[in-house]
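Just so we're aligned, residue 888 is where the sequence shown starts under the working numbering, counting upward by one.
The beta carbon of each residue, even a glycine, is placed where N, CA and C say it ideally should be.
Report on the following structure.
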Amino acid sequence: MYVCFEIVTFLLAFNFYDLVLTQDPSCCHHAAELSPCREACDQLATIKSESRLKHLLQRLPSYCPDSMNELWTCINSTLPGASRKSDGWVGLGCCELAISAECRRECKQASSKNDITKVCKKDTEKPLYSCITKNEMGSVCCSYAGRHTNCREYCQAIFRTDSSPTVSQIKAVKDYCQSVSPQLIGCVGNYTKSYPIKSPIDSLYCCERASEPHCQVACRRILRTMTTEHEIMEGLIDECGSQPLPQDPLWQCFLGSAHPPTKSETETSPTAKMDGAKLHCCSKANTSLCRDMCQEISTNWGTQTWQEFDQMCEYNAVETDLITCLADVREPCQLGCKDLAYCTNFNNRPTELFRSCNVQSDQGALNDIKLWSNGTIKMPFMNIPVLDIRKCLPEMWKAVACALQIKPCYSKSRGSVICKSDCVDILTQCGDRKRFHEGQTAERICEILSPIDDPERCIPLERYLTPSSLGNIIEEVIHPCNPNPCPSNHLCEVNRKGCQPGQDCLPFFCMPGCKLGEASEFLVHLDARIQVPLRNGQTGCFEVCTCGQSGRLENCAEMPCIDTSKTCIVGGQRKNHGASFRVDCHPCFCSAGDTICSARQCLSVDSSDEDRRRFTGLPCGCPDRFVPVCARNGRTYPSACVARCMGFKDNQFVFGNCRSSDPCTPSLCHRNQRCIPKHRVCLTDLAEPCPQHECVGRPSGCDKSQMDPACDTDNEEHPNLCQLLQMGKTLAYMGHCQDACKRPQPVCGHNGETYSTVCEAYSDRVAVDYQGRCHAVGAVADLASDSGCDMIPCPALSTPSCVPVTPPGACCPICAGMLQILWNKEQMNVFAKLNRNQPVTVHDILRILRLHISVPQCDIFGYLSIDSEIIILIVPVDQQPTPLQIEACSMEAEKIDALINYGSPTLVSHVPLSAFLASEVKISTIRSAGHPSSTASFLPTFLCLALGLLLTLTPGDA
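Here it is, written out as structure tokens:
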């Protein structure tokens, strides 16, 4: 039965449009004569071009409204997929499953399965062809949903999953599609009946029952990479060293005596049938209508659709924050745009942010131009009559269509709206005023569509009327994860660690993840701790869940609700919860009635000359003498005065640098464990001082496939820390061994700590301030008198034309993008308590933020400043970066700054980043306007993993 169904499916997939071409146009009599709907419907039987037919099928709902029930009933029964959008080749999302690199490349460039058969052999590329078959089935089955959005979404969910469809997914299709299309129910039924009852990854939860950690790791890898039960059993026996005995918990689970999560278990999950990422956004609504609609759609499928929401809220001027937040979830802003065939002026822009630079949007812009050429631009709430745009400012219309589809997003608004002056200009010249409705003018139309005219908050068309000036220099900045090369249930992560010998060395990894609810497409990494709004929609109420090995959010625990109704009184003015503001030089934030401000030092305008003379720029006006003390949070402060100013009592710090003492002397670990120094700075207040060591069990076996290089004190490199310890060696730093770090050459980090080598500093995710031991402290205020830094010989800037930034407390300027983040310590403490009192550290922050840096030519460093702000530096990895690379790092900083200040779930759904309140960004710019030519060998150099010293070093706890 399965083989028969597969053949029928292929025939349907290949002949679908042939069926449409020979369709009897009798449905069209349901449309009124001489109407646009009738004209469009009649064309279905006459168009001979497949591309034009696809375009018309996609646009037909624009001509024929929902109210024409008889017409749509007829069309849906005879033209499956009439309102379906074209998403390109259905096999594109499967390409990463190809085993050979040649097949993978061919797949990504293909436009159909026929294009890959010569290179990708069916007998050796079974996972790839299995995925393509599944996608083709889904394309055909779900096309029967016609215009019924909810039915189509439920149908697509069946084919999106890489494991067996769940009972609840199958039931949802029956509930929502039974009355829509019996053909769809039958098509999906044939697929689900023929699908294997149990997919290997459905048994991932069994791996947790293995007694040895290395067996757990091997089990997960085997279940994800092997397909037959024989291969899996042989692999488990070989890796775990045990026979399949029924009393062994692992084998007992895998062989079926234990059961996977049941329907009732998944239905009671707080994230079932929920889109937690979009639910994050609903609290940003300013009107109760849009807030209620957003919450309803994010928690209960089927009552309303996002299309209805868009009609009511997308162009509502007061809902900008809500719409931008939802856009971040659907299409996060990403650096870079290239390979567009129609919107070519958008190509070669590696340091600009776009939401949707892809082939589908490129084709969508072309389709829009064709549709607008009919003389009317159809909007959800109005029609705009225009003259022949093929003759009236055609290049401007092309820029409009491309901008609305490709969606440039700038840091200060991140919206995709063209500037009002451009809108007025183009409609004044090309609007068909004879057909304008009464009272309709170019100015009034643009007041609704494009109310902004600030070029930093809207899209100026002039930028895209000509090609980019960069040309071939774009190879200096690459974007391995844009477009996303990974399967739909995996996240793309920049490869900063390298590859095992003999492996394909790709510049990215595809990492398995979890969705934020069954209705969500937003993915987070395995083991990530995620903050999700409660389903009841009560504002300020969240739970913290973990992305488990099963691919679902689990182990959820409710947090204390935040009272968002409480306000702050500042200077006699009332500030709402979530408001950012300044008091003198202090950035401040109102959080549930509490005013949280930075501890920066200020000079007021009426300060006396004596005050200015005494001003040191350090907390509490402390002198700038460097007599370091180590506080209980693991941070070295330049003096006891500064430590006391930051709230530490005399018994909570000791004199000397934190790194100068050995936390493993005496050892605090059990006999069968090894003590490993692990210096860190805690952001939480716990009963005990911040732990500076880790107890590691003596490994009996290591996962040899894990690539996380570690260098020992003999300058010998190991694939990972486990293997280094297994050899009885001592860790020097994480990352590839560097010849430059064979001998101790002390450097001072931005955190005031002295490191024996630059490699040790970079491994700790700390950038270097100057050569030699730390012996001076810089100001944390913008204005300060002379300090001990005057005697520091600073290194030359990496690029002479760079306008640098000076990190707070540092002496020397650098070329980088810098963030100064205000954060909520109480919220950090709550996260720690929910996680079995495990402290939150600066490394935890940096490890998560590093995943958001999409350009491998930039890396992230950071520290806790002496006035308790979190400082993030995004630095070029090349020792002599080009201006374009510096610009890319600055743009990465601006991207993250915007995500923090707008409270985007892209960032703040991650614990502990959700404790971030506000951010200030300072970026390096380039004095000269020109850019040097491209370094031709740069990309191959990256693929050979010799990008430079910074790229090869990874944080110790990453």
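Could you compute how far the alpha carbon of residue i sits from the alpha carbon of residue j?
i	j	result
Ser1587	Gln1613	8 Å
Ser1685	Cys1702	7 Å
Gln1707	Asn1187	39 Å
Leu1176	Leu1166	15 Å
Cys1624	Val1381	20 Å
Leu1240	Cys1345	13 Å
Asp1208	Pro1792	12 Å
Asp1414	Lys1402	12 Å
Arg1331	Val1205	17 Å
Gln1767	His1464	45 Å
Ile1456	Thr1641	43 Å
Ile1084	Cys1042	The predicted position of Ile1084 is uncertain, since its pLDDT is 45 and thus under 50; no value can be drawn from it.
Val1645	Tyr1750	16 Å
Pro1510	Cys1528	8 Å
Gly1504	Ser1437	51 Å
Ala1444	Ala1044	27 Å
Thr1174	Asp1590	53 Å
Thr1693	Cys1699	6 Å
Cys1392	Ser1491	56 Å
Leu1794	Phe1396	20 Å
Ala1059	Cys1689	57 Å
Asp1312	Cys994	44 Å
His1739	Ala927	45 Å
Glu1023	Lys1061	21 Å
Arg1469	Gln1103	51 Å
Cys1448	Asp1498	44 Å
On a CA-only basis, which of the options is nearest residue i? Give me that one, please.
i	options	result
Leu1227	Val1216, Cys1029, Cys1368, Val1246	Val1246
Ser1025	Ser1741, Gly978, Arg1422	Per the sequence presented here, residue 1025 reads as Gly, with Ser not at that position. With distances taken between Cα atoms, Gly1025 lies closest to Gly978.
Pro1633	Cys1624, Val1075, Asp1656, Leu1618	Asp1656
Ser951	Ala985, Cys915, Cys1556	According to the sequence shown, residue 951 is Cys rather than Ser. The option with the nearest alpha carbon to Cys951 is Cys915.
Lys1294	Lys1257, Ser1356, Gly1223	Gly1223
Gln1425	Ile1276, Gln1182, Glu989, Val1692	Gln1182
Ser1755	His1101, Gln1250, Val1568	Val1568
Asp1471	Lys1013, Cys1489, Leu1123, Leu1348	Cys1489
Measure how close the beta-carbons of residue i and residue j come, nearest whole angstrom, since I'm counting them as under 8 Å.
i	j	result
Gly1636	Ile1810	Not confirmed; about 22 Å, so no contact.
Ala1597	Asn1607	6 Å
Ser1752	Ile1759	The pair is not a contact, with the Cβ atoms about 11 Å apart (cut-off 8 Å).
Ala1406	Met1594	With 8 Å as the limit, Ala1406 and Met1594 do not qualify as a contact, their Cβ atoms being about 35 Å apart.
Pro1394	Pro1743	6 Å
Asp1319	Leu1258	Actually they are not in contact, since the Cβ atoms of Asp1319 and Leu1258 sit about 15 Å apart, beyond 8 Å.
Cys1230	Ala1252	5 Å
Ser1303	Leu1314	Not really, about 18 Å apart at Cβ, beyond 8 Å.
Val1419	Gly1128	About 39 Å; that fails the 8 Å criterion.
Pro1515	Gly1639	7 Å
Val1411	Gly1404	The pair is not a contact, with the Cβ atoms about 11 Å apart (cut-off 8 Å).
Ser1308	Asp1340	5 Å
I'd like the span of the alpha helix (DSSP H) that includes residue i, first residue to last.
i	result
Leu1209	1207-1217
Asp1226	Counting along the chain, Asp1226 falls outside any alpha helix (DSSP H), and DSSP gives it neither H nor E.
Asn1442	Taken as a continuous stretch (DSSP letters only), Asn1442 belongs to no alpha helix (DSSP H), being part of the beta strand (DSSP E) at 1440-1445.
Asp1784	1770-1788
Gly1504	First-last for Gly1504: undefined, no H or E at that position.
What residue range does the beta strand (DSSP E) around residue i cover?
i	result
Val1541	1540-1542
Val1808	1803-1810
Cys1532	Looking at the DSSP string, Cys1532 is not in any beta strand (DSSP E); the run it does join, the alpha helix (DSSP H), is 1527-1532.
Arg1461	1460-1462
Leu1608	Premise fails: Leu1608 lies in the alpha helix (DSSP H), 1608-1613, not in any beta strand (DSSP E).
Arg992	Run containing Arg992: none in the beta strand (DSSP E); it sits in the alpha helix (DSSP H), 988-996.
Pro1420	1416-1420
Cys1745	1745-1751
Val1411	1410-1412
Phe1718	Per DSSP, Phe1718 belongs to no beta strand (DSSP E); it is in the alpha helix (DSSP H), 1712-1721.
Segments of 3+ residues assigned as beta strand (DSSP E) that fall wholly inside the stretch 1365-1407: Counting only runs of at least 3 residues, the stretch 1365-1407 fully encloses the following beta strand (DSSP E) elements, listed from N- to C-terminal order: 1377-1381, 1395-1402.
Ranges of the alpha helix (DSSP H) found wholly within the stretch 1254-1327, counting only runs of at least 4: Segments of the alpha helix (DSSP H) lying fully in the stretch 1254-1327: 1281-1293, 1307-1317.
Entirely enclosed alpha helix (DSSP H) segments - the stretch 1002-1037, minimum 4 residues: Taking only runs of at least 4 residues, the alpha helix (DSSP H) segments lying wholly in the stretch 1002-1037 are 1013-1030.
Any alpha helix (DSSP H) of 4 or more consecutive residues that is wholly inside the stretch 1551-1631: 1608-1613, all fully within the stretch 1551-1631.
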